[in-house]
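So the protein sequences, as listed, match chains P and B.
Quick note on the UniProt record's numbering: the first sequence kicks off at 1 and runs consecutively.
Quick note on the UniProt record's numbering: the second sequence kicks off at 1 and runs consecutively.
First the structure, in the form of structure tokens, and then the observations on it.
Protein chains: 2
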Amino acid sequence: MRRDIHNADVPTLCQACEARHRGICGALDPEQLVQLGRQAGRREVEPGAELIAAGMPADGYANILSGVVKLTSLLPDGRQQIVGLQFAPDFLGRPFAKSSEIGAEAASTVRLCTFPRSALEEMLRQSPGLEHRLYEQALRELDDARDWMMTLGQKTAAEKVASFLLLLGRHINPYANGFANSFDIPLRRADIADFLGLTVETVSRQLSHLRKAGIVTIEKNRCVTVSDLTALEIHAGVVPTDPQRTAARRNSGST
Amino acid sequence: MRRDIHNADVPTLCQACEARHRGICGALDPEQLVQLGRQAGRREVEPGAELIAAGMPADGYANILSGVVKLTSLLPDGRQQIVGLQFAPDFLGRPFAKSSEIGAEAASTVRLCTFPRSALEEMLRQSPGLEHRLYEQALRELDDARDWMMTLGQKTAAEKVASFLLLLGRHINPYANGFANSFDIPLRRADIADFLGLTVETVSRQLSHLRKAGIVTIEKNRCVTVSDLTALEIHAGVVPTDPQRTAARRNSGST
DNA sequence: CGAACCTTTGATGGCACTCAATACAGGTGG
DNA sequence: CCACCTGTATTGAGTGCCATCAAAGGTTCG
Numbered sequence: 001m002r003r004d005i006h007n008a009d010v011p012t013l014c015q016a017c018e019a020r021h022r023g024i025c026g027a028l029d030p031e032q033l034v035q036l037g038r039q040a041g042r043r044e045v046e047p048g049a050e051l052i053a054a055g056m057p058a059d060g061y062a063n064i065l066s067g068v069v070k071l072t073s074l075l076p077d078g079r080q081q082i083v084g085l086q087f088a089p090d091f092l093g094r095p096f097a098k099s100s101e102i103g104a105e106a107a108s109t110v111r112l113c114t115f116p117r118s119a120l121e122e123m124l125r126q127s128p129g130l131e132h133r134l135y136e137q138a139l140r141e142l143d144d145a146r147d148w149m150m151t152l153g154q155k156t157a158a159e160k161v162a163s164f165l166l167l168l169g170r171h172i173n174p175y176a177n178g179f180a181n182s183f184d185i186p187l188r189r190a191d192i193a194d195f196l197g198l199t200v201e202t203v204s205r206q207l208s209h210l211r212k213a214g215i216v217t218i219e220k221n222r223c224v225t226v227s228d229l230t231a232l233e234i235h236a237g238v239v240p241t242d243p244q245r246t247a248a249r250r251n252s253g254s255t
Numbered sequence: 001m002r003r004d005i006h007n008a009d010v011p012t013l014c015q016a017c018e019a020r021h022r023g024i025c026g027a028l029d030p031e032q033l034v035q036l037g038r039q040a041g042r043r044e045v046e047p048g049a050e051l052i053a054a055g056m057p058a059d060g061y062a063n064i065l066s067g068v069v070k071l072t073s074l075l076p077d078g079r080q081q082i083v084g085l086q087f088a089p090d091f092l093g094r095p096f097a098k099s100s101e102i103g104a105e106a107a108s109t110v111r112l113c114t115f116p117r118s119a120l121e122e123m124l125r126q127s128p129g130l131e132h133r134l135y136e137q138a139l140r141e142l143d144d145a146r147d148w149m150m151t152l153g154q155k156t157a158a159e160k161v162a163s164f165l166l167l168l169g170r171h172i173n174p175y176a177n178g179f180a181n182s183f184d185i186p187l188r189r190a191d192i193a194d195f196l197g198l199t200v201e202t203v204s205r206q207l208s209h210l211r212k213a214g215i216v217t218i219e220k221n222r223c224v225t226v227s228d229l230t231a232l233e234i235h236a237g238v239v240p241t242d243p244q245r246t247a248a249r250r251n252s253g254s255t
């Protein structure tokens, strides 16, 4: 059954919003969207803007409409690790928590659809499907986090940088599901380094290697085009290279 | 209001089970516990037993009654990363997923309370509070995973090992909330190495350093006693050491 | 007691960090 | 439009931490 006949009831701002399809708002009916929309506000922030301060009580929540948000964790001595990247139409915030030790900061220009804590809690009471959506996003983020732990703990610098480009290509476009062959890196080298657990210099060197190897082209330090996806995947260590070992894995895995 | 008056209705096996308090079963009433209990089974497995095979369809779920489970992620070339440790009374399994790329393996001897996929789904339909509990565990695991990303990405070998001991001390005892000063390490050195993104040799060396520094004592390679918790925290990098920098952080944070 | 496994310790080398200098991009004002 | 300036990125040289290789010491079984 198509819901589009009710589209007239959906707030104008929500009509084209991806959060209504792949985001949490998909759990809400038109009436609830109107109700939430009344308390919601749009906001556009510049790169570097702090969206959630670590250790502070979170005052509200938001959906990411466009742009990239980095989740950061800080050590007392100043070392920083980016523990996650969030893309449209992700939900932003930490439900049920007094305060999180994790901060959120705009990596690129970010457009947000914000709503107060109470509005979300009200919606949660009304619609059990909403919590289910939130749960599913949490599970997805958990999978992503654990994937990245593999990258941080086991991979070499070259593999880390290649993995990063693969990650970006998969997530940069909120509408498509496949891999984007060409995109702008929404992070500075310093951010990439903090995400990969490397230094700026090492990141730069590895990008140069990929460029000289003809696997990617980079323009103006930001715009990347992946010309050889398979090679990139090999460099990321996510695909078997040794045929012998591959065969062995296959056999043991199919039992 | 005390629920203990209903304890007569609670299955005998559940009476002393920690999952009924801090685990997911706390969301169920006695009748539902009976219903779930009918389909549940107890299982005890030895260290090294595979509980969930990566890439396989998960046939069921379980609560951990005692012992430690390691969640592992594997690269095609054989490199392994332990992406999480789970303790009693954690819920084990990946709801709503066809199959997970993450495997689960008993690190120590593990006792489980298992139930089939359908039983959980039935419970989820009956009790919305259950999904809420699952969601909260997922959020907790997400926080833990991100904490550990900081450890993997930024910390030195010495800090990693110290952080590992702190993690164990906090989680090893399912009944207490504080820090256990003495406990058995439920992992072999090779597992610790895979968890920390180090080699066995480096782990061993760093443990020796902590021992020679008088911060911990280790007997029979497994039993650890933390004699200087503050020093351990300093070595883990989780506590400010430089007073000047500490003051600076404090000031900038309070604005 | 002996065998298998695990852990520790030592010697050496390589990858990524540090330090330092140069090149580039984007914005502002002349 | 160009000169300037700031923040950002690249490239190079040297060092140090941790991995690798190798061997000996412990522990836990049968």
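By construction, the Cβ of each residue, glycine as well, lies at the ideal position given by its N, Cα and C atoms.
Just so you know, these numbers come straight off a predicted model, no measurement behind them.
Local conformation of residue i per DSSP, three classes
i: ALA62/P; result: strand
i: LYS220/B; result: coil
i: ARG38/B; result: helix
i: LEU71/P; result: strand
i: PRO30/B; result: helix
i: ILE102/B; result: coil
i: GLY253/B; result: Any reading at GLY253/B must be qualified, since the residue scores a pLDDT of 39, below 50, and its modelled position is unreliable; no value is offered.
Run of the beta strand (DSSP E) containing residue i, from where it starts to where it stops
i: PHE96/B; result: That residue, PHE96/B, is in no beta strand (DSSP E); it is neither H nor E in DSSP.
i: THR151/B; result: THR151/B -> not in any beta strand (DSSP E); alpha helix (DSSP H) instead, spanning 128 to 154.
i: GLY23/B; result: From DSSP, GLY23/B is part of no beta strand (DSSP E); its letter is neither H nor E.
Presumed contact (8 Å Cβ cut-off) between residue i and residue j, rounded CB distance
i: SER108/B; j: PRO47/B; result: 6 Å
i: GLN39/P; j: ARG79/B; result: Incorrect: roughly 48 Å between the Cβ atoms, too far for contact.
i: residue 317/B; j: ASP184/B; result: Shown here, chain B extends from 1 to 255; a query on residue 317/B therefore has no answer.
i: ILE52/B; j: ALA58/B; result: 6 Å
i: ALA157/B; j: THR230/B; result: Contact doesn't hold; Cβ gap of about 21 Å is too wide.
i: LYS70/P; j: GLU44/P; result: In fact, because the Cβ distance is near 17 Å, the residues do not count as touching under 8 Å.
i: GLY67/B; j: ARG111/B; result: 6 Å
i: ALA88/B; j: PRO174/B; result: 4 Å
i: ILE172/P; j: ALA162/P; result: Going by Cβ atoms, the distance from ILE172/P to ALA162/P rounds to 16 Å, so no, they are not a contact pair.
Limits of the alpha helix (DSSP H) - the one that residue i falls within
i: CYS113/P; result: From DSSP, CYS113/P is part of no alpha helix (DSSP H) but of the beta strand (DSSP E) over 110 to 116.
i: CYS17/P; result: Premise fails: CYS17/P is in no alpha helix (DSSP H) and is neither H nor E.
Residues bridged to residue i [DSSP beta-bridge criterion]
i: VAL45/B; result: VAL110/B
i: LEU85/B; result: LYS70/B
i: ILE52/P; result: ALA104/P
Distance cut-off 8 Å: residue i Cβ against heavy atoms of the ligand FAD
i: VAL200/P; result: By its list of ligands, the structure shown contains no ligand whatsoever, and the ligand FAD lies outside what it can speak to.
Which runs of the beta strand (DSSP E) spanning at least 3 residues fall entirely within the UniProt domain "HTH crp-type" (155 to 230) of chain P, listed in chain order? With a minimum length of 3 residues, the unbroken runs of beta strand (DSSP E) contained wholly in the UniProt domain "HTH crp-type" (155 to 230) of chain P fall at 182 to 184, 216 to 219 and 223 to 226.
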